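Chains as they are written, first to last, in the numbering used here: chain A, 26 to 142; chain B, 26 to 142. Presented below is the structure to which this report refers.
There are 2 protein chains.
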Amino acid sequence: MTTATNPRVLEHPAREEIRLEAVLHALSDPVRLRIVRCMARGDGDAFSCSYFALPVTKSTSTHHFRVLRESGVVRQVYQGTAKLNMLRRDDLDALFPGLLHSILTAAEAQADRLGDA
Amino acid sequence: MTTATNPRVLEHPAREEIRLEAVLHALSDPVRLRIVRCMARGDGDAFSCSYFALPVTKSTSTHHFRVLRESGVVRQVYQGTAKLNMLRRDDLDALFPGLLHSILTAAEAQADRLGDA
């Protein structure tokens with residue numbers, strides 16, 4: 026008997042498997058931080074990867090979304106051939122109250138300061 | 026005329042040069058996060074690198090402290106042949122109000138949850 030892995034099901038850490046270090050690593054990259062800032066403004070909306078019009082190649086973009094998914098920052102589901110992304114705000118807020126808010130606030134302040142809104 | 030670089034003077038970013046992404050990267054490593062948690066309990070104290078008794082080689086320890094210094098998380102000064110480390114709490118709080126507190130709180134909560142205090 027063999028076990029087939031469904032390639033359409035993307036692996037995610039359960040809430041209790043999310044680690045602070047992985048979340049901080051995921052958010053330590055300027056492109057990933059920009060993605061998350063943008064999603065946070067969407068208030069629970071689902072975004073396709075292509076929505077963000079990132080200044081990187083498709084494979085780099087795929088890598089960034091995988092880091093965000095595997096760290097527990099976003100949830101990804103397939104819709105047709107596209108992947109939709111949702112910020113796991115409830116999980117992050119439950120595990121680390123105030124953390125996401127303070128990082129997003131810091132990111133907005135820095136963007137304003139550097140003229141990079 | 027030549028310019029000599031004093032090897033006893035360690036380079037630090039000025040407050041306005043500190044970047045959120047670099048701070049998050051510095052704190053995304055378990056060893057570095059442990060160092061900063063420990064320093065934060067010291068309320069402004071200066072700690073030698075050897076104080077922390079880290080489970081890593083000396084060169085790895087030196088690397089971790091350099092990442093913390095270059096990101097603006099700690100200030101390092103020589104005292105004899107040892108380096109002393111101080112958390113740059115004032116600079117971080119001024120740039121990113123609430124950020125360090127929320128990360129340290131999240132780290133403590135996770136350590137409690139995982140039995141890794």
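Each residue gets a CB set at the ideal place from its N, CA and C atoms; glycine is no exception. For clarity, every value in this text was computed on a predicted model and none was experimentally measured.
Quiz item: Mind checking residue 26 of chain A: buried by the 16 CB within 10 Å criterion, or exposed?
Solution: Because the pLDDT at residue 26 of chain A is just 49, under 50, the model does not fix this residue reliably, and the value given afterwards should be weighed accordingly. Exposed, because fewer than 16 other Cβ atoms sit within 10 Å of the Cβ of residue 26 of chain A.
Quiz item: By a C-beta neighbour count over all protein chains shown, 10 Å radius and 16 as the cutoff for buried, is residue 31 of chain B buried or exposed?
Solution: Residue 31 of chain B is classed as exposed because its beta carbon has fewer than 16 other beta carbons within 10 Å across all chains shown.
Quiz item: What runs of the alpha helix (DSSP H), each 4 residues or longer, lie entirely inside the segment 42 to 100 of chain A?
Solution: Uninterrupted alpha helix (DSSP H) stretches at least 4 residues long and entirely within the segment 42 to 100 of chain A occur at 45 to 51, 55 to 65, 83 to 96, given in chain order.
Practice problem: Look at the alpha carbon of residue 33 of chain B and the alpha carbon of residue 108 of chain B, and state the distance between them as a whole number of angstroms. | Solution: When rounded, the distance between both Cα atoms is 10 Å.
Practice problem: Look up residue 26 of chain A in the DSSP assignment and say whether it is helix, strand or coil. | Solution: With a pLDDT of 49 at residue 26 of chain A, under the threshold of 50, the predicted position of this residue should be treated as unreliable, though the coordinate-derived value follows. Three-state DSSP puts residue 26 of chain A in coil, outside helix and strand.
Exercise. With DSSP as the reference, label residue 107 of chain B as helix, strand or coil.
Key: strand
Quiz item: Apart from the five residues just before and just after residue 56 of chain A, which ones in its own chain have a Cβ nearer than 7 Å to its Cβ?
Solution: 79, 81, 89
Practice problem: Please decide whether residue 65 of chain B counts as near chain A, where near means a Cβ-Cβ distance under 9 Å. | Solution: No, residue 65 of chain B lies away from the interface with chain A (no Cβ there is under 9 Å from its Cβ).
Quiz item: So residue 58 of chain A and residue 121 of chain A are in contact, right, with Cβ under 8 Å, and what is the actual spacing, rounded?
Solution: Contact between residue 58 of chain A and residue 121 of chain A does not hold, since the beta-carbon distance rounds to 16 Å and is not under 8 Å.
Self-check item: Contact belief for residue 124 of chain A with residue 51 of chain B at Cβ below 8 Å, rounded distance in angstroms
Solution: Not a contact, Cβ separation roughly 16 Å.
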